[in-house]
Every structure is written in structure tokens, then in C-alpha cells.
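Right, one structure below, let's go through it.
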Amino acid sequence: MISLCTPGLIYGAAIGDALGLATCCMTSDQCRFHYSNEHLAYEDIVQDELRVRWKKGDWTSNFDMMVN
1 MISLCTPGLI YGAAIGDALG LATCCMTSDQ CRFHYSNEHL AYEDIVQDEL RVRWKKGDWT
61 SNFDMMVN
């Protein structure tokens, strides 16, 4: 059973990390200003001075450490 769940766990972690980067280091007011409450996609990610270091949809080193 665990072997059936493992791919979903890995994909979920990668997607969650990539989308979580969209709001990293933002206040809740900044998040509400930049993003919709109903939908968040990779193309919606604001490219500010922090997020410009990653391509839209890329994951961070946190995910890299999880899979290594």
C-alpha cells in the first residue's frame, strides 16, 4: 500500500513547494493583494526580488533535500 502512495507524496511535495514559494516571506495583506483566493497557478506567481531567482513552477532546495 505504501508503494502506491509514494509517487503521490513526492509529486504533492514538489507541487506544494513550488506553489508555496509564491507566498514565501509575504504578509497576509501582500498575499491578498497579489493573488486570488480561489485560484493559484504557476503563471500567477509574482516575480519580485525574492522569486526572480526561480523559474515559475520551480521548486526550492527544500524539495531537493527531501528527495536526496
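With our numbering applied, the sequence shown covers 1 to 68.
Here a beta-carbon is modelled for each residue, glycine too, at the ideal position from N, C-alpha and C.
### Query
To which residues of the same chain is Thr23 closer than 6 Å at the C-beta, ignoring the five residues directly before and after it?
The count along the sequence shown starts at 1 and reaches residue 23 at position 23. If we look at Thr23 and ignore the five residues flanking it on each side, its Cβ neighbours are Cys31.
### Query
Can you tell me where the alpha helix (DSSP H) with Thr105 in it begins and where it stops?
Within the shown structure, residues of the chain are numbered from 1 to 68, placing residue 105 beyond reach of any answer.
### Task
Counting only runs of 3+ residues fully inside the stretch 20 to 44, write out the beta strand (DSSP E) ranges in chain order.
The stretch 20 to 44 contains no complete beta strand (DSSP E) run of 3 or more residues.
### Query
Quick one, which of Tyr42, Phe63, Thr6, Met1 has its alpha-carbon nearest Lys55's?
Your numbering for residue 55 matches position 55 in the sequence shown. Nearest C-alpha to Lys55: Tyr42.
### Message
Among Leu4, Val52, Ala18, whose alpha-carbon lies nearest the alpha-carbon of Ser61?
### Response
Taking the sequence shown and counting its residues from 1, one reaches residue 61 at position 61. The shortest C-alpha separation from Ser61 is found at Ala18.
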